[in-house]
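A short worksheet on the structure shown next.
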Amino acid sequence: MTTAPAAEADRPRSRAGRAAAVALSGVAFAEVCAAVIGSVVLGRGVAAALDSFVVTNAAMGLAFSMCGLLIAWHRRGNPIGWLLIADGLGHATSVVAVPLVQYGQDTGWPTAALRVLVTVGAYAWPWSIGLCLPLILQLFPDGRAAGPALRVLMWATVATAPLFVLEMGTGPDGMGTGLSGYLVLSGHAGLVPLWLVSEIRVVITVVIGLVALAVRYRRGDEARRRQLLWLLQAVLVVAVVLTVWGVFASGPVLILLAIPLIPAAIMVAILRHQLLDIRLVFSRTVLYALLTTGVAGAYMALVAVLDTVMRRQVGLGGSVAATVLIAVGFNPVRVRLQRVVDRILYGDRADPMRAVSRVGERLDAGLPGVLEAVREALRIPYAALHTAGEVVVSGRPPHHLHTYPLRYGKQDVGELVVGLRPGESRLSGADHAILRLLAAPLSVAVHALALSEQVQHSREQIVVAREEERRRLRRDLHDGLGPVLTGVTFKADATGNLIATDPDAARELVAELRTETAQAINDIRRLVYDLRPPALDDLGLVGAIRQRATHLRRDGIAVHVTAPDTLPALPAAVEAAAFRIATEAMTNAVRHSRASRIHVRIDADTQLQLRVSDNGDSSHAWTPGVGLSSMRERAAELGGSLTAGPGPDGGQVVAILPMGAS
Numbered sequence: 011m012t013t014a015p016a017a018e019a020d021r022p023r024s025r026a027g028r029a030a031a032v033a034l035s036g037v038a039f040a041e042v043c044a045a046v047i048g049s050v051v052l053g054r055g056v057a058a059a060l061d062s063f064v065v066t067n068a069a070m071g072l073a074f075s076m077c078g079l080l081i082a083w084h085r086r087g088n089p090i091g092w093l094l095i096a097d098g099l100g101h102a103t104s105v106v107a108v109p110l111v112q113y114g115q116d117t118g119w120p121t122a123a124l125r126v127l128v129t130v131g132a133y134a135w136p137w138s139i140g141l142c143l144p145l146i147l148q149l150f151p152d153g154r155a156a157g158p159a160l161r162v163l164m165w166a167t168v169a170t171a172p173l174f175v176l177e178m179g180t181g182p183d184g185m186g187t188g189l190s191g192y193l194v195l196s197g198h199a200g201l202v203p204l205w206l207v208s209e210i211r212v213v214i215t216v217v218i219g220l221v222a223l224a225v226r227y228r229r230g231d232e233a234r235r236r237q238l239l240w241l242l243q244a245v246l247v248v249a250v251v252l253t254v255w256g257v258f259a260s261g262p263v264l265i266l267l268a269i270p271l272i273p274a275a276i277m278v279a280i281l282r283h284q285l286l287d288i289r290l291v292f293s294r295t296v297l298y299a300l301l302t303t304g305v306a307g308a309y310m311a312l313v314a315v316l317d318t319v320m321r322r323q324v325g326l327g328g329s330v331a332a333t334v335l336i337a338v339g340f341n342p343v344r345v346r347l348q349r350v351v352d353r354i355l356y357g358d359r360a361d362p363m364r365a366v367s368r369v370g371e372r373l374d375a376g377l378p379g380v381l382e383a384v385r386e387a388l389r390i391p392y393a394a395l396h397t398a399g400e401v402v403v404s405g406r407p408p409h410h411l412h413t414y415p416l417r418y419g420k421q422d423v424g425e426l427v428v429g430l431r432p433g434e435s436r437l438s439g440a441d442h443a444i445l446r447l448l449a450a451p452l453s454v455a456v457h458a459l460a461l462s463e464q465v466q467h468s469r470e471q472i473v474v475a476r477e478e479e480r481r482r483l484r485r486d487l488h489d490g491l492g493p494v495l496t497g498v499t500f501k502a503d504a505t506g507n508l509i510a511t512d513p514d515a516a517r518e519l520v521a522e523l524r525t526e527t528a529q530a531i532n533d534i535r536r537l538v539y540d541l542r543p544p545a546l547d548d549l550g551l552v553g554a555i556r557q558r559a560t561h562l563r564r565d566g567i568a569v570h571v572t573a574p575d576t577l578p579a580l581p582a583a584v585e586a587a588a589f590r591i592a593t594e595a596m597t598n599a600v601r602h603s604r605a606s607r608i609h610v611r612i613d614a615d616t617q618l619q620l621r622v623s624d625n626g627d628s629s630h631a632w633t634p635g636v637g638l639s640s641m642r643e644r645a646a647e648l649g650g651s652l653t654a655g656p657g658p659d660g661g662q663v664v665a666i667l668p669m670g671a672s
């Protein structure tokens, strides 16, 4: 975190950096303007100003310097902005030297001054090609090398840059002005092997830059890849334009329109790379560039074949035949090329089964791994899973989001939220199709995770309940049964001491011993009953419930129990829960509803159903208390359910317990 004094100290440096960027870019702009105006005036017309050297260098000088200014202004710590300014300044300096030398020759300037101008012009622009451009490619977009090895190659690029400058600057041509500059080698033509090494070195440094871009693309996230695609898009367009210009010789205007795309793309990639979905633009550009090349090549090949076959100049018929053949083959080729390009830019979106397989392979990595697989499959910037218990996020949310429900059977288990790609306001049909396909494994994963969490929670509850029960038993044994047995031991010793000397006192102690022993026996029975009602082991579930009903009948309550003659073997936990629910329901009917008649019905098929109904007051809604909550908890612990409340004829409690619970 930047402290206030540090921020205050950094402000002058920031202002000085911005001022330097503005000054250098202003010099380049002034040089470009002077070069264009001077070429028009001295050439006595606009046609002279469209000379290839003036146009291309002026366009590069202006575009590189202005884009570099914006980057240096907003990203002062990124050296790419300064490299762009230096690149533009080199081209602008070279282009302004030409009309200045011509003007000096026309007005009689000293030869020494003119030779200085020629020297400056000849040595200015090679730095742009030999140093600035390769470094920009190697450092794009964050201004740092892509790795230790590439950092060494970057410094090698800097160290060997003067070789290309010497090749271009020491030549005797004088930039076409007829004058030779200073620092010219008389034996320049005899150093062809050295200059060949220099030009190979330029190619190698550019290749190193392209390798660095490929490494960054492979290692980078969605934002970094989008930045790189901006530059690749510009390079692709420039390559196409230069190819067309070289083949058809359409003039330097095409270069004028194409060259600024590279610095403009660099600027947008660094400052505003989320302006639109560059992947869609790049996909279409690659597709139609390949199609255009293929169509042109196919047309020329077909015309050549027809000309050879017919042994004459191909007329209208041959051209029409070639066009028809190309049109027939155009769409299949377009479809196949689109698949290849989409696979590169959009991953497995066009191959849903592969996308589902990729998601399935990442299930063992949990929901974060699943979301990463979804993002890779769709090449989307953001994905999130919203479930009842948590929210898992991958990536940064863009402005536009799309929510897709996840269902397991008839149950909603969550939502998948995906971020739309920059420049898109809605998902395409292909995206919707693959989302529908991915929803199934995602729903299973979310449901399985929820079940796993429930199992873990149940295990924790079992451990807690077991330890609580142990603590209760220890407390009851220590505070209740323990002191009683200790007192029995002491009185037994006292009785033994008094038998011979005081028989009457001994008999009184024996009577007390009997009373305390009976109390200890009652405590033991209570502890055993709390663990599991003994009547369940002695009488079974139906017999135990009927025994409890007999106690209520003694109080004047009519209780009727309906049950099958024999019940299937029930797990101990189900028996205990059913007995305690029935006992609690009958007791509540007597205490709270003032019922005079209670009916208990037990049915057992695939589940154990226990229904306790009474004829008590049913005019008021039941308020959940300890007893009602306890019954619901007992049913829920076994995976069952319990409903309770007033009915048409009185109160009613219905519990459904699974037969296989244990």
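Residue numbers (my numbering): 11 to 672.
Cβ coordinates follow ideal geometry from the N, Cα and C atoms, glycine included.
Once you ignore the five residues that flank I608 on each side, which residues in its own chain have a CB closer than 6 Å to its CB?
Once the five neighbours on either side are set aside, the close Cβ partners of I608 are V569, M596, A599, D624.
Quick test of your reading: Y392 and G405, contact by CB under 8 Å. State the CB separation rounded to the nearest angstrom.
Confirmed, about 4 Å.
Helix, strand or coil, according to DSSP, for E400 in the structure here?
E400 falls in the coil class under three-state DSSP.
Could you tell me the alpha carbon to alpha carbon distance between E647 and A588, rounded to whole angstroms?
E647 and A588: Cα-Cα distance of roughly 12 Å.
Close Cβ partners of L326 (< 7 Å) along its chain, the five nearest in sequence each way excluded:
For L326, the predicted structure reports a pLDDT of 45, less than 50, and the residue's modelled location is therefore unreliable. A value from the coordinates is still provided. The same chain holds no residue with a CB closer than 7 Å to that of L326 once the five nearest residues on each side in sequence are set aside.
In three-state DSSP terms, what is A268?
Helix, per DSSP.
Between the segment 113 to 133 and the segment 80 to 97, do three or more beta carbon pairs fall short of 8 Å?
Not touching, per the Cβ criterion.
Cα separation between R642 and V664?
Spanning the two alpha carbons is a distance of roughly 10 Å.
Residue burial classification, S24 (beta-carbon count within 10 angstroms, cutoff 16):
By the neighbour-count definition (other C-beta atoms within 10 Å, threshold 16), S24 is an exposed residue.
For L445, I'd like the list of residues in its chain whose CB is within less than 6 Å of its CB, leaving aside the five on either flank, ordered along the chain.
Excluding residues up to 5 positions away in sequence, Y414 lie with their Cβ nearer than 6 Å to the Cβ of L445 in the same chain.
Could you spell out the range, first to last residue, of the alpha helix (DSSP H) harbouring L206?
Under the DSSP assignment, L206 falls in the alpha helix (DSSP H) whose first and last residues are 202 to 229.
Can you give, in chain order, each stretch of the beta strand (DSSP E) that sits fully within the segment 443 to 486 and has at least 3 residues?
The segment 443 to 486 is shown to contain no whole beta strand (DSSP E) run of 3 or more residues.
Which class does A44 belong to by DSSP, given the choice of helix, strand or coil?
If DSSP states are grouped into helix, strand and coil, A44 belongs with the helices.
How close, in whole Å, do the beta carbons of S104 and N67 come, if the pair is a contact with beta carbons under 8 Å?
Confirmed, Cβ separation roughly 6 Å.
Between which two residues does the beta strand (DSSP E) harbouring V664 extend?
If you look at V664, you'll find it in the beta strand (DSSP E) that goes 661 to 668.
Own chain, CB closer than 8 Å to F39, minus 5 neighbours either side, in chain order:
Counting only Cβ-Cβ distances below 8 Å, and skipping sequence neighbours, we find L72, S75, M76, A102.
Look up A394 in the DSSP assignment and say whether it is helix, strand or coil.
A394 falls in the strand class under three-state DSSP.
Considering only the alpha carbon of each residue, which of D183, Y133, P182, W165 lies closest to V175?
Looking at the Cα atoms, Y133 is the closest of the given residues.
By Cβ distance, which residues of its chain are closer than 7 Å to L667, with the 5 residues on each side in sequence left out?
Within the same chain, L667 has close Cβ partners V584, A587, A588, Q617, L618, A645, L648, G650.
Starting from P415, follow its DSSP beta bridges and name the residues at the other end.
P415 has E425 as its beta-bridge partners, per DSSP.
In whole angstroms, give me the CA-to-CA distance for R85 and I276.
Taken atom to atom, the span from the alpha-carbon of R85 to that of I276 is near 13 Å.
Going straight from the alpha carbon of I280 to that of A443, what length do you get?
The straight-line gap from Cα to Cα measures roughly 34 Å.
Any idea if I210 is buried or exposed, counting beta-carbon neighbours within 10 angstroms, 16 or more meaning buried?
Taking all protein chains in view, the Cβ of I210 is surrounded by fewer than 16 other Cβ atoms within 10 Å, so the residue is classified as exposed.
Between which residues of its own chain and R28 is the CB-CB distance below 8 Å, once the five residues before and five after are set aside?
For R28, where only same-chain residues beyond five positions count, the Cβ hits under 8 Å are A82, W83, R86.
Under 9 Å between the Cβ atoms of V212 and G140?
In this structure, V212 lies near G140, with their beta-carbon atoms less than 9 Å apart.
Using a 10 Å radius around the Cβ and a threshold of 16 neighbouring Cβ atoms, would you call A26 buried or exposed?
Counting Cβ neighbours within 10 Å, A26 comes out exposed, since fewer than 16 surround it.
Which residue spans inside the segment 493 to 525 form an unbroken beta strand (DSSP E) run of at least 3?
Look at the segment 493 to 525 and you find no whole run of beta strand (DSSP E) that is 3 residues long or longer.
Roughly how many angstroms lie between the CA atoms of T505 and I534, to the nearest whole one?
Rounded to whole angstroms, T505 to I534 spans 24 Å at the Cα level.
Complete alpha helix (DSSP H) runs within the segment 557 to 632 (minimum length 4 residues, chain order):
If we require 4 residues or more, the alpha helix (DSSP H) runs fully inside the segment 557 to 632 come out as 582 to 601.
Tell me the rounded alpha-carbon separation between L110 and V245.
Going from the Cα of L110 to the Cα of V245 covers about 33 Å.
A394 beta carbon less than 9 Å from that of V427:
Less than 9 Å divides the Cβ of V427 from the Cβ of A394.
Check P656 in the structure and name its three-state DSSP category.
P656 falls in the strand class under three-state DSSP.
Closest residue to S678 among G439, L173, G626 (Cα-Cα distance):
With the chain running from 11 to 672 in the structure shown, residue 678 is simply not present.
For Q237 and L271, the rounded distance between their alpha carbons
Per the coordinates, the alpha-carbon of L271 lies some 14 Å from the alpha-carbon of Q237.
Residue environment, L204, which counts as buried when at least 16 other CB atoms sit within 10 Å:
Within 10 angstroms of the beta-carbon of L204 lie fewer than 16 other beta-carbons, which makes it exposed.
Going by Cα to Cα distance, which pick from Q112, L193, F63, D547 is closest to L52?
Nearest to L52 by alpha-carbon distance, out of Q112, L193, F63, D547, is Q112.
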